[in-house]
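Visitor:
Chains as they are written, first to last, in this note's numbering: chain Z, 12 to 639; chain P, 12 to 639.
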């Protein structure tokens, strides 16, 4: 009657949840499947470059908007600012190709910093990237929604709803299913967008050359020097730098390329950089040429496409593809942050479970983590994340600076032929990107950059505290040498006290006591009565049964069961010897149907949870499964 | 090193929660304190009558509104309808005094029905009361908020927010603290309201008699017969019956009166009934006399008070007191429903934990239950619960009918002198209240009464299912006679298999194995590796330690730990004898600070929960408490 049945099935409610998970996420992948999840160049370009390429949807607008405040147009500054941005782009590209070469294991600035500069710089880079990736997701998704709202103003009130649906309903799910599937789905939008933009540029230039476009007042093209305007120009430059976010994605993702990883990554980076530069320059030129100004709820790219194509299907093609590539750009962060979190977790700076791959071989916990943080940003800014755009350049350039400083140290340490040239290249890169960080911090300080100054030290503090905890834990958990060398386990000596809290005389109690008696001869049944009637009744029934186990009955005048139990444990500890130990055996019955559980108070569950957390006793549950 | 420390303190996080709870709810009360929690008549009147008395804030309005549709005024019907309501009030009062006499234990129609009519009628009464009490809370709170909104229209947009604050922030908390405190706080509003209304009636009558008021067209006072108008009149009567809800509160609450409970309850009931009748009649007369019509966001009582007093402090006094007594009326349900739920729970028709008194000797779970249901009603109807008012009369009159039918049976069974007179009185009461139920059901069917026709059978079905489960459980849990008479516990025979899932070689594992070896010689350590490197490494370390416990290492290619463990348990069950049994020993370390817990995956917790729920094995946690 008390023995275990052999054909007990794994519970129904778990299966339902499992089925739902399987349907949404897909079946679990075998460890061996990880080898197949590698990307060819053309696919990698689509996945890794969407962040950088999509930024032409807002980058040129952000530059021009800064230099065209109402009643004042300083187009003369647009060309120098744009050129500066392009130069910086070239420099960063070349530097990052070197980073990818020296770090085929991926990990980007965090790994480079850790290897060459030490803990703190690497943690700064990690914190900067963490901020950057979260902002990338928030900004890209809300910009993507802006693109489609420009075309369909009826969607304006649903902005945040659309953002969150894309975030959780599409990006998170696709990424939880695994990267290969996502890459195939994402190739067409990227190439479709590139195609569309080049067709837009071609048609726009044709219009411009054939003179069908409005003429800009030539006075606005002059670049009169003025400190206030210089500050505006620097702000425009800061804004434009946001277009460079995403360059590092490829170097962080080298291990995801097909072999040879480094060479493929290098070629892909150059391709991306040339595409980005061309599109940025072309769009900026046309925006100026058609004298476009910033408008609410209509992006400048939408104005340009409408001006060039009219509201025909080509216009809608541009808007839809812009939306898609921006959502894809958000996806880039999903390829970047979870592996970084995994590295941080493996080094003990983030919770360990971020290091593990889930059912589908992706870092599931990291993916959920990123989605939640980004959702908070979107909700917090109500979907209007424009003024976050320049901020997220801070994170990127900070990590650029650290990565390239690290490379200088790296080349010097290696000391192979030509190391000085390479070190110089990265040194110049580090200095310039460092200056860019300062420029953005100064020009954007009041617009939110101060938040970054707070957030990075805070994150580093958290990293260190977590690291400290894991170190403490390791020290406490390591098996002492004497036990290791004794070649035996330290078997418990002393008396084994077994306490069985009982709720009366019933089959579950008998079952548990039968188990208890097998463990130890020192078994006490403890009954806590909440009123006098029950106190007398249970004692009476126990005496009638008289099972050879002592019943300790306690009246609890405050109707709590836990406190008397804890007091009793304390008493046992008082009278016992140092080598003695205590087990609390909790009789629990498990109901057959899930809703039956709602009909019983969860005393057993609460009891075992609190005892495990707070008392130095072993806690055993002897479940008794009801048949109906 | 592995022994238990004796001075381990009860965990910090629990204390914080406890402190907060103590601050809000108060310190736990001793079982003996229950005797002190009895009410004198004048306090009981304040607590129990607020439901009935407060209904004059909406009852007369509901009657007149039905008979004054735009362009049509049938004041001639008001007098007969009002008189019918008053007659019914008298009848119900006398009947309920008899109920209180025959059932000094309280419990009202449910108890009466159970004792005299059987299970189903008593459950119908219980279901009706459950609906009624929840509606009372929702309707009274939103009417109270209407009263204050009439005076301060600026609050209109915050209607639902105010409702929910009053519900959770005031009523629920006050009731969780205990009835005695609530009674003292609640005496002044009731008497203040009675005083205010009588002053309003006096002043209003003076104005009316001195002719300072508008004259009603005499044609509207004629009562021409017409089927459509009769239907309206019946609807008006249905609406007016809502004023009678609350009469039963006193008879349900007899045990809360000071001794002699029955006599005190009787006197209090008569007082309440006379007050209610007078106020109802007076307000109805003045509403008609001043020819008031229903308006949105201004109650008719507010119009009356403004007409009589002007917008002076007397007007605000009336509005504030009306608000307070209506909130108090909601409180009546808190005195009525939790004890009813407790009775139902003790009889096994509702979850058992609703039967227990909490820290403060009140039925805490029932109080929370009622608050949640009412909040759902308020939110569902967006605070506009006017059309629920007549519905909640259905529940009351249904339970009136059952209680009085029960009384007829009761008097007949007793057969003492004069039983026929008493039975006749209750029989007439039952017939008339039964007819009222039919009238309300018919006239209000499309306005929501059909919901009640659905809800009552559904609730009875739930009651029966719950009852059935508890009966099944009792049968399964009862200690078999042979074990009871054996005077011993059925000690487990056979081999004791102990499985210890380990995550590597460390101190926690050694600690748990030391415990395991004490339990049984048949100990197996089970290691589930999620990758090849870990698989080799842990096996290597185990061989070096070689502690005399077999390590069973399993590769889990899908990175799940639970499935291989469950498979291994199945294997053990295959090779074991029927009398053998299995214990799974889970090594767990407990962190020192609460936030450390976030840094570890909860594998141990998930493992033990799933094993307890799904497998016929004993599950033991041997916690290892980290020191820092």
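Quick reminder that beta carbons are idealized off the backbone N, C-alpha and C, glycines included.
Predicted model, so just to flag it, every value in this text is computed and none were measured.
(1) Suppose contacts are defined by Cβ-Cβ distances below 8 Å. Is residue 256 of chain P in contact with residue 360 of chain P by that definition?
(2) Would you tell me roughly how many angstroms separate the C-alpha atoms of residue 643 of chain Z and residue 631 of chain P, rounded to the nearest one?
(3) Can the beta-carbon of residue 380 of chain P be found closer than 8 Å to that of residue 350 of chain P?
(4) Since residue 378 of chain P is in the alpha helix (DSSP H), which residue starts that stretch and which ends it?
(5) Taking the continuous beta strand (DSSP E) assigned at residue 565 of chain P, which residues delimit it?
(6) Report the residues of the region 497 to 508 of chain Z with a CB closer than 9 Å to any CB of chain P, ordered along the chain.
(7) In the DSSP assignment, the beta strand (DSSP E) including residue 265 of chain P goes from what residue to what residue?
(8) Can you tell me where the beta strand (DSSP E) with residue 599 of chain P in it begins and where it stops?
(9) Sort out for me which residues DSSP pairs residue 636 of chain P with in a bridge.
(10) Please list the residues of the region 553 to 573 of chain Z that have a C-beta atom closer than 9 Å to any C-beta atom in chain P, keeping them in chain order.
(11) For a contact defined as C-beta to C-beta under 8 Å, what are the partners of residue 510 of chain Z on chain P?
(12) In whole angstroms, what is the alpha-carbon distance linking residue 18 of chain P and residue 267 of chain Z?
(13) Checking 8 Å against the spacing of the C-beta atoms, do residue 128 of chain P and residue 417 of chain P come in under that value?
(14) Closer than 7 Å by beta-carbon distance: list the chain P residues that pair up with residue 198 of chain Z, in chain order.
(15) Could you work out which residues of chain Z lie near residue 609 of chain P, taking near to mean beta carbons separated by less than 9 Å?
(16) Are at least three pairs of beta-carbons, each pair with one atom in the region 77 to 94 of chain Z and one in the region 316 to 331 of chain Z, less than 8 Å apart?
(17) Helix, strand or coil for residue 533 of chain Z, going by three-state DSSP, please let me know.
(18) Express the C-alpha separation of residue 639 of chain P and residue 483 of chain Z in angstroms, rounding to a whole number.
(19) Counting only beta-carbon atoms, is residue 256 of chain Z nearer than 8 Å to chain P?
(20) Check residue 569 of chain P in the structure and name its three-state DSSP category.
(21) Does DSSP classify residue 434 of chain Z as helix, strand or coil?
(22) Name the two residues that bound the continuous beta strand (DSSP E) containing residue 7 of chain P.
(23) For a cutoff of 8 Å on Cβ pairs, would you count residue 351 of chain Z as touching chain P?
(24) Does any C-beta atom of chain Z lie closer than 8 Å to the C-beta of residue 528 of chain P?
(25) State yes or no: is the C-beta of residue 451 of chain P within less than 8 Å of the C-beta of residue 410 of chain P?
(26) Between residue 183 of chain P and residue 556 of chain P, what straight-line distance do the alpha-carbon atoms span, to the nearest angstrom?
(27) Please name the residues in the region 473 to 495 of chain P whose beta-carbon is closer than 8 Å to at least one beta-carbon of chain Z, in chain order.
(28) Among Z:109, Z:297 and Z:465, which has the Cα closest to the Cα of residue 274 of chain Z?
(29) Per DSSP, which one or two residues make a beta bridge with residue 285 of chain P?
(30) Would you kindly check if the distance between the Cβ of residue 535 of chain P and the Cβ of residue 563 of chain P is under 8 Å?
(31) Within 10 angstroms of the Cβ of residue 650 of chain P, are there 16 or more other Cβ atoms? Answer buried if so, exposed if not.
(32) With 16 other CB atoms within 10 Å as the buried threshold, where does residue 362 of chain P fall?
(33) For residue 540 of chain Z, which beta-bridge partners are listed by DSSP?
(34) Could you name the residues that DSSP lists as bridge partners for residue 629 of chain P?
(35) Taking residue 639 of chain P as the query, report the chain Z residues whose CB atoms sit under 7 Å from its CB, ordered along the chain.
(36) Chain P partners of residue 186 of chain Z, CB-CB under 9 Å?
Guide: Reading off the structure:
(1) The answer is no: Cβ separation not under 8 Å.
(2) In this structure chain Z extends from 12 to 639, so residue 643 of chain Z is not present and cannot be described.
(3) No, the pair does not count as a contact, with Cβ atoms beyond the cut-off.
(4) Note, residue 378 of chain P: alpha helix (DSSP H), 375 to 391.
(5) Segment 561 to 566, the beta strand (DSSP E) holding residue 565 of chain P.
(6) Shown in chain order are the members of the region 497 to 508 of chain Z whose Cβ falls below 9 Å from a Cβ of chain P: 497, 498, 499, 500, 501, 502, 503, 504, 505 and 507.
(7) Neither: residue 265 of chain P is in no beta strand (DSSP E) and is coded neither H nor E.
(8) Per DSSP, residue 599 of chain P belongs to the beta strand (DSSP E) from 592 to 601.
(9) Its beta-bridge partners are P:601.
(10) Listed by position, the residues of the region 553 to 573 of chain Z near chain P (Cβ gap below 9 Å) are 555, 556, 557, 558, 559, 560, 566, 567, 568, 569, 570 and 571.
(11) The premise fails here: residue 510 of chain Z is roughly 13 Å from chain P at the closest Cβ pair, so nothing lies under 8 Å.
(12) With a pLDDT of only 36 at residue 18 of chain P, under 50, the local geometry of the prediction cannot be trusted, and the value read off the model is given with reservation. C-alpha of residue 18 of chain P to C-alpha of residue 267 of chain Z: approximately 54 Å in a straight line.
(13) Closer than 8 Å, so yes.
(14) Ordered by position in chain P, no residue passes the 7 Å Cβ test against residue 198 of chain Z, which lies about 29 Å from the chain.
(15) Under the 9 Å cutoff, chain Z gives 362.
(16) Short answer: they don't touch.
(17) Annotated three-state conformation of residue 533 of chain Z is strand, per DSSP.
(18) Here the alpha carbon of residue 483 of chain Z sits roughly 7 Å from the alpha carbon of residue 639 of chain P.
(19) Cβ-Cβ to chain P under 8 Å: no for residue 256 of chain Z.
(20) It is coil, neither helix nor strand.
(21) It is helical.
(22) Chain P is shown only over 12 to 639; residue 7 of chain P falls outside these bounds and no answer can be derived.
(23) Contact of residue 351 of chain Z with chain P is not assigned, every C-beta pair being separated by 8 Å or more.
(24) Answer yes: the Cβ-Cβ gap between residue 528 of chain P and chain Z drops below 8 Å somewhere.
(25) Cβ distance not < 8 Å, so residue 451 of chain P and residue 410 of chain P don't count as in contact.
(26) Going by the C-alpha atoms only, they are around 60 Å apart.
(27) Using a CB distance below 8 Å, the part of the region 473 to 495 of chain P facing chain Z consists of 477, 480, 481, 483, 484, 487, 488, 489, 490, 491, 494 and 495, ordered along the chain.
(28) Looking only at Z:109, Z:297 and Z:465, the smallest Cα-Cα distance to residue 274 of chain Z is reached by Z:109.
(29) Beta-bridge pairing links residue 285 of chain P to no other residue.
(30) For residue 563 of chain P and residue 535 of chain P, yes; Cβs fall inside 8 Å.
(31) Only positions 12 to 639 of chain P appear in this structure, which leaves residue 650 of chain P out of reach.
(32) Buried, by the Cβ-count rule.
(33) Looking at the DSSP output, residue 540 of chain Z shares a beta bridge with Z:566.
(34) P:594.
(35) The answer, in chain order, is 483.
(36) Close to residue 186 of chain Z, with beta-carbon spacing below 9 Å, lies no residue of chain P; the smallest spacing is near 17 Å.
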